[in-house]
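Chains as they are written, first to last, in the numbering used here: chain A, 1 to 149; chain B, 1001 to 1149; chain C, 2001 to 2083; chain D, 3001 to 3083. All remarks here apply to the structure that follows.
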Amino acid sequence: MYISVQHEDFDISAEIDRLKNGRIDLGAIATFTGLVRDIHGEKNIKKMTLEHFPAMAEKELAKIGKKANDRWPLQGLTIIHRFGELYPGDQIVLVITTSHHREAAFNAAQFIMDWLKTDAPFWKKEETEAGTHWVDAKTDDDKKKDRWG
Amino acid sequence: MYISVQHEDFDISAEIDRLKNGRIDLGAIATFTGLVRDIHGEKNIKKMTLEHFPAMAEKELAKIGKKANDRWPLQGLTIIHRFGELYPGDQIVLVITTSHHREAAFNAAQFIMDWLKTDAPFWKKEETEAGTHWVDAKTDDDKKKDRWG
Amino acid sequence: MNILYFARIREHIGKSSEEVILPDQVTTVADVIEYLESLGNNYQNAFAEPDLLRAAVNDEYVPLDYNVSNADELALFPPMTGG
Amino acid sequence: MNILYFARIREHIGKSSEEVILPDQVTTVADVIEYLESLGNNYQNAFAEPDLLRAAVNDEYVPLDYNVSNADELALFPPMTGG
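Below, the structure written as structure tokens:
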């Protein structure tokens, strides 16, 4: 399990290579990348600032990774979450899961994303032409997490 | 929609860049990569040969992509399927989906993979120490496809 | 009619395509298969398991009761194992 | 007790952390919040919506009725918006 909380950007192919580490027994790799969009609602985003709780962030990502690992037969997983000032088009978060089985890889990646939305100690602030505001948590995200039981 | 049937390997980051094409309105990117495993059942795989139906292959991948596109609000998708002689660790297939919504990206990628398993005109032949054999289609794969209705 | 064979079926028959003149009574893909089986053991072996037989006519998947004529191109192959 | 503030709550209070000596009657996170509210409008504004308040003690998420002492480190923040 590779967990990183970082400001620096990441390269998906390089991260997949890190996870594969030369192994040839992997059947399926799923990835998910979250990006800063240029528009939220009807407002143009100029900048997104991600505040985080440094002492907790990596630990909470690792807990979420462990939950996925306990639930599906994974051969490895990566979670990278960026913080700091990001701009439209920038990558925010990367999840990679690998398994013999494609369903396990897909479900684990989706599960991890659902948990990150509600349990990773990060807070998004958007800067638009109309000023800056904190992004509200979506109750919908709680429901998505809760469906995993 | 970018569809390719090719012998050549692919680079996931490069394919994501091709799909993004500089756009900054993408919120979520899901990818799935299928790989040749070194072991199938209890046999060591030395080589996997993918035979395909050239006149139909790209067309069928495009049909599957269109089905996904009609069903979810995608901003773009890529399907690359390799043919020819491949070896353990080699990449076989890549699906990339992008959407404003992570669920749409995940579901569309999984849907496309399920359809590829049963409807893409490719046939896998494995070479092991015990000889060569054609990989049997799994009835389970039909069920996975059918669950999408 | 031009007929293409793929994978296990191609190997049993020993060729990847051939030109066949259909007898008059042949109207469906299943009829073509029955006719081919009369041509030799290699065809009988290729089509021994009807459940493991799929067809396309003019590059579109079709069921085995699909109507065909000499002008069509038929492809015969086992269930796909792509992805 | 060392208290950390994040995001909207940090901005309302105007600092990211502070050292607070808890009065004797304070036993839970909710009590700490009530005490902090007595310190000024900025705290009242920060905690105006109890539904939008989350807490961690010693780097573990806890409910607001969790027991705390001066030796603990408390963090207060709005619902997370990671991912």
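Ideal Cβ positions, reconstructed from N, Cα and C, are used throughout, including at glycine. The model shown is predicted, which means the values in this text are computed figures rather than measured ones.
Check	Outcome
Sub-8 Å separation of I1012 of chain B and I79 of chain A beta-carbons	no
Same chain, Cβ closer than 7 Å to E126 of chain A, five either side skipped, listed in chain order	H40, I45, M48, T132, H133 and V135
Alpha-carbon spacing of A57 of chain A relative to Q75 of chain A, whole angstroms	23 Å
Neighbouring residues, chain C, relative to A1028 of chain B (Cβ below 9 Å)	Under the 9 Å cutoff, chain C gives no residues; its nearest Cβ is about 22 Å from A1028 of chain B.
Run of the beta strand (DSSP E) containing W1134 of chain B, from where it starts to where it stops	G1131 to W1134
Per-residue DSSP class, three states only, for H7 of chain A	coil
Runs of beta strand (DSSP E) lying entirely within the region 3036–3077 of chain D, each at least 3 residues, in chain order	3054–3057, 3060–3062 and 3073–3077
Buried versus exposed, by CB contacts within 10 Å (16 or more), P1054 of chain B	exposed
Residue range of the alpha helix (DSSP H) that includes H2012 of chain C	A2007 to I2013
Beta-carbon neighbours of K1047 of chain B, restricted to chain C and to distances below 7 Å	Within 7 Å Cβ-Cβ: nothing; K1047 of chain B doesn't reach chain C, min ~15 Å.
Backbone secondary structure at L3004 of chain D - three-state DSSP	strand
Straight-line gap, T2028 of chain C to Y2066 of chain C (C-alpha atoms, nearest Å)	5 Å
Local conformation of A62 of chain A per DSSP, three classes	helix
Neighbour list for P1073 of chain B in chain A, Cβ cutoff strictly below 8 Å	By Cβ distance, chain A contributes nothing, its closest Cβ being about 14 Å from P1073 of chain B, past 8 Å.
K125 of chain A, enclosing beta strand (DSSP E) - first and last residue	F122 to T128
Burial state of E2049 of chain C, where buried means 16 or more other Cβ atoms lie within 10 Å	exposed
Proximity of A2046 of chain C and I2009 of chain C at Cβ, strictly below 8 Å	yes
Contacts around S3016 of chain D, its chain only, beta-carbon distance under 8 Å, and the 5 residues preceding and following it disregarded	L3004, Y3005, F3006 and R3010
Distance, D3031 of chain D Cα to M3001 of chain D Cα	13 Å
Close beta carbons around G2014 of chain C, own chain, < 7 Å, minus the five adjacent residues each side	N2042
Counted within 10 angstroms of its Cβ, other Cβ atoms place E60 of chain A as buried (16 or more) or exposed	buried
Cβ neighbour criterion (16 or more within 10 Å) applied to S3038 of chain D	exposed
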